[in-house]
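Input: a single structure, listed below in structure tokens.
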Amino acid sequence: MSRLRGAIPVLVICLLATACTPGAPDPDGGGTGRPSGELGDRAMDESVVEPLVEAQTQESLGGLPASRLADGVAPATNRWYSGLVYGEQPMAVYPVPMSFGLTAEGFGLGLPPVTTTADLIAGSHTPAITVGTGAAAATVTEHDEFIVKIAVTGERAVGTVQLTRGSPFITWTADEAGTLTVDGAPTEVADGVWETTVAGSRYGMAITDGSLDGSSVTIDQGGVIGWWPVPEGAETTALAQAATSPVTDVELHRERDGEELITTLDYVTDSGSTAYVVEPHQRTGGAGGDQECISAAYASVTGTLALCTGSRLSWRTPVIDVVTDLDLDSLDDADRELLIETVKADAAAVPEFPADSYFGGKALQREAQLLNLASGLELTAEADTIRARLREQLLLWAEQQGCASRAERCFVYDPEAKGMIGQVTAFGSEQFNDHHFHYGHFLYAAAILLLYEPELRDQLSPVMDLLAADIATSEANDSFPQRRVFDTYMGHSWASGTAPFGDGNNQESISEAVNAWTGLALWARASENTDLLDEAEWLLSLEAASGLQYWTDIDLSDPVYSGYDHDIVSLNWSGKREYATWFSPEPAAKLGILLIPLNPSMSYLATDPERIRQRVDEASAAGFDQAFGDYLLMYLAMAGGEDRERAIAEATSLPEEFLDDGNSRSYLLAWILTQP
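Below, the structure written as structure tokens:
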């Protein structure tokens, strides 16, 4: 359904009764200066990955639960609708602006009511309209990142429900003539158009090839019912025609324009007219400015949403420059000497290399950063020692048949789930949780090693390319899904593979997602894969922008934050946002998880010094001698001036036990000392 194609004409309809308001990869270079134009769309093409998959150890680890997928339909992990697909009971999903849930008798839909408290912004599924088909069985027959189609077979009606990301409409298309029940006492406002009000929100319903009698809808085969939430002040009839013309495709266009990336979604329908919803990050990027829009159409957990008519949603995102090194040339003699002695000590230590794909990957990236520091400081012996350790470990993980002879430090390809999995799993990775977090570390470390030992490329590439394909394939193929974890509409990833939660999918560590795409970009350069580099820099730039918008630099002027007592959101879900983590109630964890691992490309986090200072003050009320204390100090240094000096003093005396296992004393000091 989602494809990269040319533009279609935009047909605009008015919502209100009154007038509406309106090159080749460079292994040493950054994202800046790359030519403008369309981005490549063949990252990890099937012709590349198919022979690699055939050569990889294959094993079905049985991690995915039973699904509602029709026979032959590809797995649907890490999507905004994965909770509907997997598990004994289907979970509610949030296509935006409405939520949707299957029921024993059919389905329910509605505009989630939003409530804000000190630590929580909640907008859970609260069905305003319940549709009955008789005792129903549901099967997902088609899906991509934008559209999911659900075949519902009821005693009285058989049809297909369609949910489309960012569309105000949820539709039913009758596969057979039948009868449905609809609650809410709809009132007819025009021929074939009804309106109902539930809990203060108005909803429109339009029907083609059917009729409503009381609460009973009789519909012919091929008839369509469309539901949508009506914004305050809007005419219910304005969107009636569009509501019964389901989106047939969402076409993605991506291009670079200087130091900005343009992301465009074309919502294709048979009628040509439709509508879409603009999220806050899209509005920040200029979306909706040249369309007919209601600027404050809906409240949501992410903020105020606009509703626009037309078919093209387009927004701009600043390019994040990808760099490998900290600016060691900026060090004065005393700072340089301090760092030299620290790197020597870290190089002499005997590090641990865990066997699982998360902590094992973190350790590899830690060594890669240490290698860069030793090399940049011209510590030849230390660099050789670190490089030898890194080489030994990476080559072990890069053996395609490693899992045929050992039970750890290797990857298998799961042919049923269609993905790469570390043999020793972590945090539910066998269910495809957090794959981008895990694999970004490996790609990052492998790319750095190739800068020093390019002759290892042939040995590292097969497995590293498969890890890249697992999380960043441009177009779905028989081996891997399209961009497994990424939600283009929201501009960020989802971490849960099966999302067995009533509040939808979620992502906590936005910084590790950014790190994943940084590692992917570095690997693309090292392996001279231009299309993969395009993919990586686009993913990185969108993830970073959404990270600022929804995690670390939230717009406190939006009404959704009224009553919220914090300056960050640590855990974002489809249907709620929390000042919380999966693993700790400590304020340091709630900020620190949004910072790790602070690679050299994450300077974009240096926004408002005063807000940085306030966040660190809240997180470090118990001091810096705690988990994530190292990252709090690194973040504090980004405020500059006296804060940087304070961070230096604290970092030199921070107990070893409070250094994260993905960090080192050397990198901690190097980051702080090189902040402007």
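Numbering (mature numbering (1 follows the signal peptide of the UniProt record, and there is no 0)) for the sequence shown: -19 to -1, 1 to 657.
Every residue gets a Cβ at the ideal spot worked out from N, C-alpha and C, and that includes glycine.
| Asked | Found |
| --- | --- |
| Helix, strand or coil, according to DSSP, for Thr134 in the structure here? | strand |
| At what residues does the alpha helix (DSSP H) containing Arg625 begin and finish? | 622 to 634 |
| Going by DSSP, what residue range makes up the alpha helix (DSSP H) through Glu518? | 511 to 528 |
| Ser281: buried (16+ other C-beta within 10 angstroms of its C-beta) or exposed? | buried |
| Compute the distance between the beta-carbons of Tyr560 and Asp100, then report whether it is under 8 Å. | yes |
| Determine contact between the region 548 to 562 and the region 521 to 534, defined as no fewer than three beta-carbon pairs at a distance below 8 Å. | yes |
| Could you tell me the distance, in whole angstroms, from the CA atom of residue 659 to the CA atom of Ala118? | Any answer about residue 659 is impossible in this case: the structure gives the chain only from -19 up to 657. |
| Roughly how far, in whole angstroms, is the beta-carbon of Glu126 from the beta-carbon of Arg49, given that I think they are within contact range, below 8 Å? | About 18 Å; that fails the 8 Å criterion. |
| Exposed or buried, Trp563, counting other C-beta atoms within 10 Å across all chains shown (16 or more means buried)? | exposed |
| Where does Val279 fall in DSSP's three states? | Per the sequence presented here, residue 279 reads as Tyr, with Val not at that position. Looking at Tyr279 - three-state DSSP - the assignment turns out to be strand. |
| Over what stretch of residues does the alpha helix (DSSP H) that includes Ala608 continue unbroken? | Segment: none, Ala608 is in no alpha helix (DSSP H) and carries neither H nor E. |
| Report buried or exposed for Gln143, applying the criterion of at least 16 other Cβ atoms within 10 angstroms of its Cβ. | buried |
| In chain order, what residues of the same chain have a beta carbon less than 6 Å from the beta carbon of Pro3, not counting five sequence neighbours either side? | With a pLDDT of only 30 at Pro3, under the threshold of 50, the placement of this residue in the model should not be trusted, and no figure is reported. |
| Ends of the beta strand (DSSP E) at Val54? | Where Val54 is concerned, there is no enclosing beta strand (DSSP E), given that its DSSP letter is neither H nor E. |
| Using the C-alpha atoms, what's the distance from Thr633 back to Tyr648? | 12 Å |
| Within its chain, find whatever has a CB closer than 8 Å to the CB of Thr166; leave out the 5 residues flanking it on each side and keep chain order. | Thr is not the amino acid found at residue 166; the sequence shown has Ala there. Hits under 8 Å: Thr177, Ser196. |
| Whole angstroms are fine: how far does the CA of Gln381 sit from the CA of Pro32? | 12 Å |
| Between which residues of its own chain and Lys557 is the CB-CB distance below 8 Å, once the five residues before and five after are set aside? | Leu101, Ile102, Ala103, Gly104, Ser105, Val282, Asp484 |
| Determine the extent of the alpha helix (DSSP H) in which Pro32 is found, giving its start and end residues. | 27 to 36 |
| Among all the DSSP beta bridges, which residues are the ones paired with Gly89? | Gly82, Thr111 |
| Threshold first: 4 residues or longer. Then list the alpha helix (DSSP H) segments lying entirely within the region 273 to 340, N to C. | 314 to 329 |
| Report the start-end ranges of each alpha helix (DSSP H) in the region 410 to 475 that is 4 residues or longer and not cut off at the edges. | 416 to 433, 438 to 453 |
| If I measure Cβ to Cβ from residue 737 and keep anything under 8 Å in the same chain, skipping five residues before and after, which residues do I get? | Beyond the ends of the chain as shown, which are -19 and 657, falls residue 737; an answer cannot be given. |
| Rounded to whole angstroms, what's the CA-CA distance from Ala620 to Val597? Just pull it up for me. | 10 Å |
| Quick one: residues in its chain with C-beta nearer than 8 Å to the C-beta of Ala5, no 5 flanking neighbours on either side, listed in chain order? | Only weak support exists for where Ala5 lies, its pLDDT of 31 falling under 50; the coordinates are left without a value. |
| Asp125 by DSSP, collapsed to three states: which one? | coil |
| When you compare only the Cα positions, how much space is there between Pro78 and Pro566? | 31 Å |
| Just verifying my parser: in three-state terms, what is the DSSP assignment at Val95? | coil |
| Decide yes or no for the touch test of the region 292 to 305 against the region 183 to 191: beta carbon pairs closer than 8 Å, at least 3 of them. | no |
| Hey, Val249 and Thr229: beta-carbon distance below 8 Å or not? | yes |
| Is the beta carbon of Thr305 less than 8 Å from the beta carbon of Leu503? | yes |
| Nearest-angstrom Cα distance between Ser527 and Tyr545? | 19 Å |
| Does DSSP put Gln346 in a helix, in a strand, or in coil? | helix |
| Measure from the alpha carbon of Val466 to the alpha carbon of each residue in Asp459, Gly478, Pro396, then state which is nearest. | Gly478 |
| Considering only the beta carbon of each residue, do Asn580 and Arg347 sit closer than 8 Å? | no |
| What's the C-alpha gap between Ile429 and Ala517? | 16 Å |
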